[in-house]
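Chains as they are written, first to last, in the UniProt record's numbering: chain A, 1 to 342; chain B, 1 to 342.
Protein chains: 2
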Amino acid sequence: MTPATGPSRSHTATLSDVARLAGVSIATASKALNGRSQVRAETRQRVIEAAERLSFRPNQLARGLIAGRTGTVGLLTSDLEGRFSIPILMGAEDAFGAGEVAVFLCDARGDAIREQHHVRALLGRRVDGLIVVGSRTDPRPSLGRELPVPVVYAYAPSDDPADLSIVPDNVDAGRISVEHLLACGRTRIAHITGDHGYLAARERAEGALAALEAAGLHLVGVPRFGSWSEGWGRTATAMLLEQHPDVDAVLCGSDQIARGVIEVLRERGHRVPDDVAVMGFDNWQVLTSGSRPLLTSVDMNLEQVGRTAAQALFGAIGGAARSGVEALPCRLAIRGSTAPLS
Amino acid sequence: MTPATGPSRSHTATLSDVARLAGVSIATASKALNGRSQVRAETRQRVIEAAERLSFRPNQLARGLIAGRTGTVGLLTSDLEGRFSIPILMGAEDAFGAGEVAVFLCDARGDAIREQHHVRALLGRRVDGLIVVGSRTDPRPSLGRELPVPVVYAYAPSDDPADLSIVPDNVDAGRISVEHLLACGRTRIAHITGDHGYLAARERAEGALAALEAAGLHLVGVPRFGSWSEGWGRTATAMLLEQHPDVDAVLCGSDQIARGVIEVLRERGHRVPDDVAVMGFDNWQVLTSGSRPLLTSVDMNLEQVGRTAAQALFGAIGGAARSGVEALPCRLAIRGSTAPLS
DNA sequence: CTGTTAGCGCATTCAA
DNA sequence: TTGAATGCGCTAACAG
Numbered sequence: 001m002t003p004a005t006g007p008s009r010s011h012t013a014t015l016s017d018v019a020r021l022a023g024v025s026i027a028t029a030s031k032a033l034n035g036r037s038q039v040r041a042e043t044r045q046r047v048i049e050a051a052e053r054l055s056f057r058p059n060q061l062a063r064g065l066i067a068g069r070t071g072t073v074g075l076l077t078s079d080l081e082g083r084f085s086i087p088i089l090m091g092a093e094d095a096f097g098a099g100e101v102a103v104f105l106c107d108a109r110g111d112a113i114r115e116q117h118h119v120r121a122l123l124g125r126r127v128d129g130l131i132v133v134g135s136r137t138d139p140r141p142s143l144g145r146e147l148p149v150p151v152v153y154a155y156a157p158s159d160d161p162a163d164l165s166i167v168p169d170n171v172d173a174g175r176i177s178v179e180h181l182l183a184c185g186r187t188r189i190a191h192i193t194g195d196h197g198y199l200a201a202r203e204r205a206e207g208a209l210a211a212l213e214a215a216g217l218h219l220v221g222v223p224r225f226g227s228w229s230e231g232w233g234r235t236a237t238a239m240l241l242e243q244h245p246d247v248d249a250v251l252c253g254s255d256q257i258a259r260g261v262i263e264v265l266r267e268r269g270h271r272v273p274d275d276v277a278v279m280g281f282d283n284w285q286v287l288t289s290g291s292r293p294l295l296t297s298v299d300m301n302l303e304q305v306g307r308t309a310a311q312a313l314f315g316a317i318g319g320a321a322r323s324g325v326e327a328l329p330c331r332l333a334i335r336g337s338t339a340p341l342s
Numbered sequence: 001m002t003p004a005t006g007p008s009r010s011h012t013a014t015l016s017d018v019a020r021l022a023g024v025s026i027a028t029a030s031k032a033l034n035g036r037s038q039v040r041a042e043t044r045q046r047v048i049e050a051a052e053r054l055s056f057r058p059n060q061l062a063r064g065l066i067a068g069r070t071g072t073v074g075l076l077t078s079d080l081e082g083r084f085s086i087p088i089l090m091g092a093e094d095a096f097g098a099g100e101v102a103v104f105l106c107d108a109r110g111d112a113i114r115e116q117h118h119v120r121a122l123l124g125r126r127v128d129g130l131i132v133v134g135s136r137t138d139p140r141p142s143l144g145r146e147l148p149v150p151v152v153y154a155y156a157p158s159d160d161p162a163d164l165s166i167v168p169d170n171v172d173a174g175r176i177s178v179e180h181l182l183a184c185g186r187t188r189i190a191h192i193t194g195d196h197g198y199l200a201a202r203e204r205a206e207g208a209l210a211a212l213e214a215a216g217l218h219l220v221g222v223p224r225f226g227s228w229s230e231g232w233g234r235t236a237t238a239m240l241l242e243q244h245p246d247v248d249a250v251l252c253g254s255d256q257i258a259r260g261v262i263e264v265l266r267e268r269g270h271r272v273p274d275d276v277a278v279m280g281f282d283n284w285q286v287l288t289s290g291s292r293p294l295l296t297s298v299d300m301n302l303e304q305v306g307r308t309a310a311q312a313l314f315g316a317i318g319g320a321a322r323s324g325v326e327a328l329p330c331r332l333a334i335r336g337s338t339a340p341l342s
């Protein structure tokens with residue numbers, strides 16, 4: 001292999017290579033490529049051409065060293081497999097990706113030690129900020145106030161009110177769900193939902209109950225807490241029909257539960273939505289679109305949560321600090337399982 | 001704000017701060033912290049304490065500048081929402097995360113332009129390598145041979161045989177599926193699968209047919225290509241039962257299809273698995289565990305694909321280049337929907 | 001064992 | 001308009 005002198009050198013081109021090829025100093029090359037106005041047009045052109053010939057890519061490490069800002073942020077998630085983290089992550093990636101910032105992804109696997117390890121590693125890489133994505137809406141321990149960069153919590157709020165957290169509004173979600181069922185002419189509404197240990201389950205139930213009360217109605221039975229699974233949806237529905245065969249709507253805590261509910265309703269001869277309307281939660285497409293009829297559900301706008309968190313972080317990096325828990329509205333995805341009573 | 005001189009300065013501590021506090025030179029501080037042996041134990045101790053008092057984190061940018069390696073890799077995905085990318089990404093993150101390397105996540109949204117943009121940005125940040133994750137197993141355009149860093153393709157292979165690609169072995173997956181059904185005593189096996197435009201669908205069918213032939217059997221009817229949905233599973237099953245009411249097993253191209261198949265089988269009075277065994281594909285937990293009975297499925301070991309890709313990239317960064325398409329075996333997740341004929 | 005010097009790649013003074 | 005010099009934070013070569 002004869003050492004070539006041209007662009008074929010394996011060594012990635014550096015600014016000094018560009019400068020030499022263009023016959024100018026490093027400083028001038030830098031100015032030319034960065035659009036500084038103190039360069040003759042002809043010179044600038046020569047530099048730009050040289051840079052292209054060498055496929056020159058400015059070394060962001062060097063830039064970061066000088067600027068003190070790296071244009072990178074850390075995205076700390078606790079469960080990649082979880083279906084909540086992903087849309088949030090997409091929203092954040094989306095809000096950043098358009099611009100100049102790159103995202104470090106770290107999955108702590110729900111382990112506090114590993115999380116701390118990742119935080120240290122990210123700080124070592126001089127990220128400009130952190131987004132912490134949780135897998136459930138229960139408050140989580142703050143990373144602390146001592147960090148040298150801003151932090152925004154998404155989905156799972158920090159337990160420190162001095163931190164900024166972006167979460168979906170689950171209480172309101174319960175409310176709008178019930179209001180939709182009422183608008184469909186339903187009045188005997190039951191609620192089958194997930195694990196009572198989840199704040200999300202309790203909040204949605206709370207919102208639903210409040211909306212019923214506001215309408216002068218009561219829930220059919222009590223909220224049935226269980227697990228977030230199809231199996232629980234089936235079990236709970238069997239119990240429900242036994243006690244309240246006249247139910248005309250079931251509000252579910254998840255799409256999985258709703259699928260189980262629909263299955264048993266149909267088996268027992270109840271038509272959906274003619275006899276009983278069913279609503280899911282999460283708007284998980286694989287479940288809503290496979291359902292017969294298509295499943296009405298609540299969408300938590302998680303991508304929006306991610307985008308908002310990213311924008312807030314951006315603001316905080318710029319010095320505009322917010323704090324507290326900001327709850328974003330959910331929206332209905334209305335489909336066949338909740339047609340109006342005719 | 002009076003300018004403090006101690007550790008309370010907002011400026012992140014630097015090696016020179018540590019050196020000053022410990023009363024040594026910068027070089028000595030560096031050696032002490034990096035475990036170089038040419039430092040007196042007592043001095044080292046003093047430096048370490050100083051570093052801790054200042055919460056010193058070595059600036060990886062500066063290190064990267066010197067070393068020429070940054071300890072970062074780019075993970076280029078085309079569809080974050082896709083259920084295939086995530087496990088692969090987890091596996092890769094896993095294989096890296098244990099060590100010293102951080103992962104840049106980029107979602108090109110299936111857009112070649114955006115992908116190119118991300119590649120440039122990542123190279124600017126001097127990543128040590130790239131993993132390109134596709135959303136289907138059809139070959140995709142190579143990023144080219146001119147890149148200054150190694151690239152490994154995962155799930156979707158590169159169309160350039162000089163590149164290294166890690167993919168699941170779909171042909172073999174079809175084979176072991178049929179062999180499992182045969183082992184369950186089934187002989188009248190049908191195949192309902194997804195879009196014929198997907199290589200994955202064609203390869204799985206190919207493997208299944210080969211295994212049947214090897215056993216001296218034929219498929220019941222022809223492979224029924226359609227879409228990857230529950231709806232297609234229902235439709236196809238209705239047609240299948242019409243033509244071949246004696247079928248005793250249905251091999252499905254996805255878990256969604258399988259769910260639709262089971263639903264219609266039961267509606268028509270066929271018991272699963274007593275009369276008809278059903279197998280899914282993907283081992284997507286939300287679908288397999290909600291199914292009644294629990295759904296046997298093929299797991300593509302995607303995390304393993306991700307891990308292998310990461311390890312291969314690691315090797316390539318170290319100079320050990322492989323190439324070609326490496327197919328990793330799939331495995332069966334056997335559950336109630338495929339019990340043996342009694 | 002410790003400190004001085006040089007330089008990674010770049011942007012930014014300041015002179016020329 | 002251009003270029004030489006300085007330094008971002010750190011490591012690695014040397015000299016003491």
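Where is the CB? At the ideal position from N, CA and C, for every residue including glycine.
Counting only beta-carbon atoms, is residue i nearer than 9 Å to chain A?
{"i": "THR12(B)", "result": "yes"}
{"i": "PRO7(B)", "result": "Its pLDDT being 35, under 50, PRO7(B) is placed unreliably in this model, and the coordinates cannot settle the point."}
{"i": "ARG271(B)", "result": "no"}
{"i": "GLN311(B)", "result": "no"}
{"i": "LEU252(B)", "result": "With the sequence shown as reference, residue 252(B) is identified as Cys, and Leu is not the correct amino acid for it. Not an interface residue."}
{"i": "GLN256(B)", "result": "yes"}
{"i": "GLY144(B)", "result": "no"}
{"i": "ALA4(B)", "result": "No answer about ALA4(B) holds up, because its pLDDT of 33 lies below 50 and its placement is not dependable."}
{"i": "ASP128(B)", "result": "no"}
Are the C-beta atoms of residue i and some chain B residue less than 9 Å apart?
{"i": "VAL286(A)", "result": "yes"}
{"i": "PRO58(A)", "result": "yes"}
{"i": "VAL18(A)", "result": "no"}
{"i": "ILE86(A)", "result": "yes"}
{"i": "THR70(A)", "result": "yes"}
{"i": "PRO340(A)", "result": "no"}
Measure the Cβ-Cβ separation of residue i and residue j and say whether it is below 9 Å.
{"i": "SER142(B)", "j": "ALA162(B)", "result": "yes"}
{"i": "SER337(A)", "j": "SER289(A)", "result": "no"}
{"i": "VAL24(A)", "j": "LEU54(A)", "result": "no"}
{"i": "SER85(A)", "j": "ASP79(A)", "result": "yes"}
{"i": "HIS196(A)", "j": "LEU219(A)", "result": "no"}
{"i": "SER135(A)", "j": "ALA112(A)", "result": "no"}
{"i": "SER165(B)", "j": "VAL152(B)", "result": "yes"}
{"i": "LEU209(A)", "j": "THR137(A)", "result": "no"}
{"i": "LEU240(B)", "j": "GLY226(B)", "result": "no"}
{"i": "SER177(A)", "j": "MET300(A)", "result": "no"}
{"i": "ARG188(A)", "j": "HIS244(A)", "result": "yes"}
{"i": "VAL13(A)", "j": "ARG57(A)", "result": "In the sequence as presented, Val is not what sits at residue 13(A); that position holds Ala. For ALA13(A) and ARG57(A), yes; Cβs fall inside 9 Å."}
What separation, rounded to the nearest whole angstrom, lies between the Cα atoms of residue i and residue j?
{"i": "CYS106(B)", "j": "GLY74(B)", "result": "7 Å"}
{"i": "THR72(A)", "j": "VAL305(B)", "result": "27 Å"}
{"i": "PHE283(B)", "j": "LEU181(B)", "result": "With the sequence shown as reference, residue 283(B) is identified as Asn, and Phe is not the correct amino acid for it. Straight-line Cα distance between these residues: approximately 16 Å."}
{"i": "ARG234(A)", "j": "GLY185(A)", "result": "24 Å"}
{"i": "ALA238(A)", "j": "ALA92(A)", "result": "41 Å"}
{"i": "ARG259(B)", "j": "GLU179(B)", "result": "21 Å"}
{"i": "residue 343(B)", "j": "SER297(A)", "result": "Outside the displayed range of chain B (1 to 342) lies residue 343(B), so it cannot be described from this structure."}
{"i": "GLY216(A)", "j": "ARG69(A)", "result": "57 Å"}
{"i": "VAL47(B)", "j": "THR308(B)", "result": "40 Å"}
{"i": "ALA173(B)", "j": "LEU212(B)", "result": "13 Å"}
{"i": "PHE281(A)", "j": "ASP255(A)", "result": "5 Å"}
{"i": "LEU287(A)", "j": "GLN285(B)", "result": "12 Å"}
Going by DSSP, name the residue or residues bridged to residue i.
{"i": "GLY74(B)", "result": "PHE104(B) and LEU130(B)"}
{"i": "HIS191(B)", "result": "LEU251(B)"}
{"i": "GLY333(B)", "result": "Correcting the residue type first, residue 333(B) is Ala in the shown sequence and not Gly. According to DSSP, which records beta bridges pairwise, ALA333(B) is partnered with SER297(B)."}
{"i": "GLY324(A)", "result": "LEU164(A)"}
{"i": "ARG140(B)", "result": "SER158(B)"}
{"i": "PHE225(A)", "result": "THR193(A)"}
**Message:** Quick check for students: name the residue ranges of the beta strand (DSSP E) that lie wholly in the segment 251-283 of chain B, counting only runs of 3 or more.
**Reply:** 277-279
**Request:** For the segment 148-220 of chain B, list the beta strand (DSSP E) runs that are entirely contained and at least 3 residues long, ordered along the chain.
**Result:** 151-154, 164-168 and 189-193
**Message:** If we require 4 or more residues per run, which alpha helix (DSSP H) segments fall completely within the segment 35-92 of chain B?
**Reply:** 41-53 and 60-67
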